[in-house]
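Input: a single structure, listed below in structure tokens.
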Amino acid sequence: MAKIKVTKVKSTINRTQTQKRTLEALGLKRIGQVVEHDATPNIVGMVNKVKHLVSVEETK
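Letter by letter, the sequence shown follows residues 1 to 60 in full-length UniProt numbering.
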């Protein structure tokens with residue numbers, strides 16, 4: 001299964017509660033923090049909801 005690296009690049013100040021919870025569910029707390037997840041439909045959907053706050057790159 002493909003893996004993706006998700007990096008938090010913007011702050012959650014003045015963001016909706018659902019966006020904050022989505023980032024927390026992805027395991028992202030600090031700006032610059034990087035987490036690696038399997039590219040399942042659930043994770044990809046979560047990343048799409050906060051795509052303006054994170055950067056994503058595919059890994060193998």
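Just so it is clear, CB atoms sit at the ideal spot from N, CA and C, and this is done for glycine as well. For clarity, every value in this text was computed on a predicted model and none was experimentally measured.
When you compare only the Cα positions, how much space is there between residue i and residue j?
i, j, result
"M1", "T7", "20 Å"
"Q19", "N42", "15 Å"
"H37", "K29", "15 Å"
"I31", "T40", "24 Å"
"V35", "V44", "13 Å"
"R21", "K5", "19 Å"
Throw me the rounded Cβ distance for the residue i and residue j pair, which I believe falls under 8 Å.
i, j, result
"T12", "L26", "That pair is no contact at about 12 Å."
"T59", "K3", "5 Å"
"V56", "V47", "6 Å"
Give me the DSSP bridge partner(s) of residue i.
i, result
"T7", "V34 and S55"
- Message: Quick check on the DSSP output: what are the complete alpha helix (DSSP H) runs of length 4 or more inside the region 23–55, in order along the chain?
- Response: You should have 41–49.
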